[in-house]
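UniProt numbering puts the first residue of the sequence shown at 1, with every later residue one more than the last.
For every residue, glycine included, the Cβ atom is placed at its ideal position computed from N, Cα and C.
Please read all numbers here as calculations on a predicted model, not as lab measurements.
So the structure is just underneath, and the comments pick up after that.
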Amino acid sequence: MALISGVFALPILAQDAGGGPIPVSLATLSSILVYPERDAPAVAVTLNDTHLDAEIAGVIAAIEARVGDRVTQGQVVARVECEPYRIKVSRMQAALEAGRSSYAFAQRQFENARQLSQKRSISQEENDRREAEARTLKADVDRLSADLQAAAYDAGKCEIQSPIDAVIVERIASVGDYVVPGTPILRLLDDQNIEISAKVQEQDLDSLKSAQSIDFVSRNARYPVKLRTVLPIMETRLRTYEVRLPFAEDRSALAGETGRLRWILGRGEVPADLIVQRGTTLGLFVVDEDKAEFVALPDARMGHPAAVDLPPETKVIVDGRYQLRDGDAVRLP
Numbered sequence: 001m002a003l004i005s006g007v008f009a010l011p012i013l014a015q016d017a018g019g020g021p022i023p024v025s026l027a028t029l030s031s032i033l034v035y036p037e038r039d040a041p042a043v044a045v046t047l048n049d050t051h052l053d054a055e056i057a058g059v060i061a062a063i064e065a066r067v068g069d070r071v072t073q074g075q076v077v078a079r080v081e082c083e084p085y086r087i088k089v090s091r092m093q094a095a096l097e098a099g100r101s102s103y104a105f106a107q108r109q110f111e112n113a114r115q116l117s118q119k120r121s122i123s124q125e126e127n128d129r130r131e132a133e134a135r136t137l138k139a140d141v142d143r144l145s146a147d148l149q150a151a152a153y154d155a156g157k158c159e160i161q162s163p164i165d166a167v168i169v170e171r172i173a174s175v176g177d178y179v180v181p182g183t184p185i186l187r188l189l190d191d192q193n194i195e196i197s198a199k200v201q202e203q204d205l206d207s208l209k210s211a212q213s214i215d216f217v218s219r220n221a222r223y224p225v226k227l228r229t230v231l232p233i234m235e236t237r238l239r240t241y242e243v244r245l246p247f248a249e250d251r252s253a254l255a256g257e258t259g260r261l262r263w264i265l266g267r268g269e270v271p272a273d274l275i276v277q278r279g280t281t282l283g284l285f286v287v288d289e290d291k292a293e294f295v296a297l298p299d300a301r302m303g304h305p306a307a308v309d310l311p312p313e314t315k316v317i318v319d320g321r322y323q324l325r326d327g328d329a330v331r332l333p
């Protein structure tokens with residue numbers, strides 16, 4: 001064998017002993033194409049992994065959900081002792097009623113003073129004093145009303161509700177614990193809204209964006225996914241980008257499940273074993289009117305699949321290709 005351009009070239013054989021057409025076998029191009037895959041490490045992540053915290057200070061009176069329970073949005077899952085907050089609401093209501101009474105009296109006095117002032121039966125200074133007193137008491141009423149709203153809001157936080165449909169995965173606090181705002185009580189996991197997070201090499205991003213199909217593969221299970229976004233931040237050391245992909249079907253992997261993101265490149269390639277060399281050129285043989293035609297593949301490399309720009313119904317010579325030359329007559333055995 002001769003060495004041409006660093007690649008061993010196979011010797012070219014003549015036609016069969018009788019000088020007639022060379023027997024070959026054929027296959028359509030579409031049936032032999034291979035579609036190269038790319039992959040990247042990936043993990044299934046939930047969109048909501050929530051620590052449910054206390055919003056007021058107090059003693060935990062009850063925790064009404066256990067680990068593993070499924071809860072719905074708005075469902076009460078814990079309670080904080082509420083009597084101090086109810087008392088505060090009652091006190092604020094009483095203070096507001098007293099303030100409204102004082103304001104109503106001051107307003108009547110101001111109306112009387114204004115009428116007397118029009119008859120010049122009272123000084124302007126006294127009229128202004130009563131008006132200022134009424135305005136001050138009106139401001140007190142507004143403040144007391146806001147205080148009552150705040151007290152009622154705090155009392156409403158005695159019942160701790162789930163903000164989402166989720167599963168209880170951890171119980172952090174216990175009944176009888178004293179909590180303050182921000183103390184975690186339960187951990188909730190949203191197991192319905194899950195997507196894939198994968199780290200994709202910079203050079204593979206374009207192929208992922210144009211991929212015909214993308215799957216998350218884990219524990220021999222394959223889940224179709226679709227590309228949602230590429231985060232505009234590159235991990236400098238590995239030169240990777242994080243991509244997010246929701247599941248394309250109703251079924252999804254479990255949160256935290258690891259695997260590989262795999263996608264098929266959009267353009268099929270000719271298998272490496274069908275590529276032959278003639279002269280310094282790599283290519284493959286096809287049939288054109290009972291004759292072998294050598295089609296050059298400019299981007300081909302020996303031992304690697306190569307892209308080809310031919311119709312899918314093209315008849316490719318499979319057996320007998322090594323002894324062919326361009327233009328040789330061929331026949332089916």
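In whole angstroms, what separates the C-alpha of residue 187 from that of residue 164? 12 Å
Under the three-state DSSP convention, the category residue 288 falls into: strand
Run of the beta strand (DSSP E) containing residue 43, from where it starts to where it stops: 37-46
Which residue comes first and which comes last in the alpha helix (DSSP H) that contains residue 76? Where residue 76 is concerned, there is no enclosing alpha helix (DSSP H), although the beta strand (DSSP E) it sits in stretches over 76-80.
Cut-off 7 Å between Cβ atoms - residues of its own chain near residue 70, not counting five sequence neighbours on either side: 167
As a quick exercise: from 294, 268, 215 and 283, pick the residue whose alpha carbon is nearest that of residue 258. 215
What's the C-alpha gap between residue 80 and residue 60? 4 Å
Pairwise C-alpha distance: residue 169 and residue 162: 13 Å
Per DSSP, which residues does residue 53 bridge with? Please list them. 184
By the three-class DSSP mapping on this structure, what secondary structure does residue 225 have? strand
Select from 195, 115, 95 and 23 the residue whose C-alpha is nearest the C-alpha of residue 151. 95
Tell me the DSSP bridge mates of residue 251? For residue 251, which the question treats as bridged, DSSP gives no partner whatsoever.
Any idea which residues DSSP pairs residue 72 with across the strands? DSSP lists no partner for residue 72.
Report all residues from its chain with a CB closer than 7 Å to the CB of residue 51; omit the five preceding and five following residues, and keep chain order. 184 and 187
May I ask you to list the residues that DSSP assigns as paired with residue 270? 306
Reference residue 175; option with closest CA among 62, 314, 333 and 25: 62
Taking just the CA atoms, how far does residue 200 sit from residue 227? 12 Å
Sorted by chain position, which residues of the same chain lie with C-beta nearer than 7 Å to residue 82's C-beta, five sequence neighbours on each side aside? 155 and 158
Whole angstroms are fine: how far does the CA of residue 93 sit from the CA of residue 129? 28 Å
Is it right to say residue 41 is buried, meaning 16 or more other beta carbons lie within 10 angstroms of its own, or is it exposed? exposed
Quick check: what's the CA-CA separation for residue 275 versus residue 36? 16 Å
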